[in-house]
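The opening residue of the sequence shown carries number 3 in this note's numbering; numbering runs sequentially from there.
In this text, a Cβ means the ideal position worked out from N, Cα and C, and glycines have one as well.
One structure is given below, encoded as structure tokens.
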Amino acid sequence: MSLRDDARELQGELAVLRRALHREPEIGLQLPRTQEKVLAALDGLPLEISTGSSLSSVTAVLRGGAPEARPGPVVLLRGDMDALPVTERTGAEFTSRIDGAMHACGHDLHTAGLVGAARLLADRRESLAGDVVFMFQPGEEGWDGAGHMVEEGVLQAAGRPVDAAYGLHVSSSSYPTGVFASRPGPLMAASAGLHVRVVGAGGHGSRPHAALDPIQAACEMVTALQTMVTRRFDVFDPVVVTVGVFHAGTRRNVIPDDASFEATVRTFSATAAERAAEVAVRLCQDIATAHGLTAEVDFVPEYPVTVNDTAEHDFLASTVREAFGEERFEPLADPITGSEDFSRVLDRVPGAFVFLGADATGDPETAPSNHSPLAAFDDGVLSDAAALLAELAVRRLDSLDRLAKEVPCAPTT
Ligand SMILES: [Zn+2]
3 MSLRDDAREL
13 QGELAVLRRA
23 LHREPEIGLQ
33 LPRTQEKVLA
43 ALDGLPLEIS
53 TGSSLSSVTA
63 VLRGGAPEAR
73 PGPVVLLRGD
83 MDALPVTERT
93 GAEFTSRIDG
103 AMHACGHDLH
113 TAGLVGAARL
123 LADRRESLAG
133 DVVFMFQPGE
143 EGWDGAGHMV
153 EEGVLQAAGR
163 PVDAAYGLHV
173 SSSSYPTGVF
183 ASRPGPLMAA
193 SAGLHVRVVG
203 AGGHGSRPHA
213 ALDPIQAACE
223 MVTALQTMVT
233 RRFDVFDPVV
243 VTVGVFHAGT
253 RRNVIPDDAS
263 FEATVRTFSA
273 TAAERAAEVA
283 VRLCQDIATA
293 HGLTAEVDFV
303 PEYPVTVNDT
313 AEHDFLASTV
323 REAFGEERFE
333 PLADPITGSE
343 DFSRVLDRVP
353 GAFVFLGADA
363 TGDPETAPSN
373 HSPLAAFDDG
383 VLSDAAALLA
393 ELAVRRLDSL
403 DRLAKEVPCA
413 PTT
């Protein structure tokens with residue numbers, strides 16, 4: 003039986019696990035109930051399991067049994083597990099029971115899919131040409147859970163470095179259900195936060211000449227940041243700046259002492275990210291100076307660009323086409339402007355990340371997107387998510403193993 007056939011038999015129990023996770027979403031780096039469910043789902047499998055110390059991660063290592071494979075290559079598969087501070091409004095039968103928390107980004111499907119991959123691969127352990135590391139990760143939504151797991155050694159969990167890494171992300175909109183979509187090179191943006199506090203001197207609204215108005219200067223910065231995007235950056239290396247927070251003042255006839263705002267900055271190359279850090283900070287400071295004010299400016303890098311290794315992307319695309327059919331892979335023309343902390347792994351290990359359409363409404367064009375309180379995910383895709391991850395591991399271990407055997411040993415003297 004193919005991995006896909008075996009995965010279909012797991013579909014029912016993976017959906018049960020996903021719905022149990024969905025009912026009890028947890029946010030951030032500490033997900034004790036989620037961790038409990040994952041450990042229970044992996045119980046009885048031939049895995050070496052460890053849990054995180056600074057976060058409630060689960061790392062499981064499956065040792066491939068092919069005797070000639072030792073010490074074979076290592077492949078890492080990742081699933082993130084955290085939810086969002088969103089109040090669910092889908093009306094699903096398995097709707098969130100936790101006030102103000104919802105699996106609105108589908109990470110419950112990633113967790114269940116990765117459990118499925120572990121089940122499929124454990125069944126084939128004897129023939130695996132190397133080891134597989136399963137990375138169950140908390141805190142993707144802005145907590146840098148992947149960075150924490152890298153620091154705690156997930157990339158050395160098998161005792162040898164990971165050779166290739168893969169992850170997937172479901173989407174409640176944009177792609178038809180069951181379609182895998184990706185591209186070589188940059189796939190998702192780097193994100194950074196720009197935090198600005200403009201300090202002036204308060205006074206009476208009728209006598210601005212006797213005060214130092216921080217609102218006027220802060221407004222000028224907000225518009226100048228958009229000019230910066232078009233004048234200081236290459237149009238073919240895009241930058242997105244959005245000011246999402248702006249606070250100032252208490253009353254219309256009072257000039258406040260200070261004004262503050264925050265922006266998110268998205269870039270698609272290390273060059274643009276470095277340039278943004280320098281140019282945006284100077285722009286805000288210099289505008290403040292020009293008006294006789296000061297500005298406290300912090301540029302805080304969050305996640306790097308998620309970059310698919312070209313060869314790994316091509317391998318992933320051909321694996322989807324061979325295992326699921328030509329029509330199941332959609333090449334993406336452009337990267338997307340969202341960010342991902344799987345970039346922490348892909349920064350260190352060649353690999354690829356892929357989106358999987360899981361629209362539950364029948365019309366991905368109009369379906370509520372990930373992060374919406376109405377985002378609904380079709381968990382009928384779980385068996386295919388599990389099958390693809392398992393398929394990638396099996397094939398990559400085989401090819402890495404073959405490659406290692408082709409390289410003649412260096413002569414010893
Ligand atoms: Zn997500």
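In the DSSP assignment, what are the bridge partners of residue i?
i	result
V283	Its beta-bridge partners do not exist; DSSP assigns none.
E298	R199
R404	For R404, which the question treats as bridged, DSSP gives no partner whatsoever.
A395	DSSP output for A395 lists no bridge partner at all.
H249	S262
G353	A167
Q139	D82
L358	V172 and F182
I need the DSSP call for residue i, collapsed to helix, strand or coil.
i	result
F270	coil
I100	coil
Q32	coil
T321	helix
H24	helix
E276	helix
H171	strand
L86	strand
G382	helix
G149	helix
F54	Before going on, a small fix: residue 54 reads as Gly here, not Phe. If DSSP states are grouped into helix, strand and coil, G54 belongs with coil.
D311	coil
F326	helix
Report the rounded CA-to-CA distance for residue i versus residue j, giving the unit in angstroms.
i	j	result
R21	S98	9 Å
R91	F182	27 Å
Q32	L57	5 Å
A131	F317	17 Å
V351	G93	40 Å
G294	L285	14 Å
A192	G155	23 Å
L399	E324	17 Å
D84	S262	30 Å
H105	R65	32 Å
V383	A360	6 Å
V60	G141	12 Å
Measure how close the beta-carbons of residue i and residue j come, nearest whole angstrom, since I'm counting them as under 8 Å.
i	j	result
G102	T89	6 Å
P258	T252	7 Å
T308	E342	5 Å
L391	G115	7 Å
L394	Y168	5 Å
L111	F379	6 Å
A124	P48	6 Å
A274	F301	Incorrect: roughly 13 Å between the Cβ atoms, too far for contact.
Determine whether the Cβ of residue i lies closer than 8 Å to any Cβ atom of chain B.
i	result
G246	As a matter of chain content, chain B is missing from the structure shown, which is built from one protein chain.
Segments assigned beta strand (DSSP E), at least 3 residues, entirely inside the stretch 186 to 242:
With a minimum length of 3 residues, the continuous beta strand (DSSP E) runs that stay inside the stretch 186 to 242 are 187 to 190 and 192 to 201.
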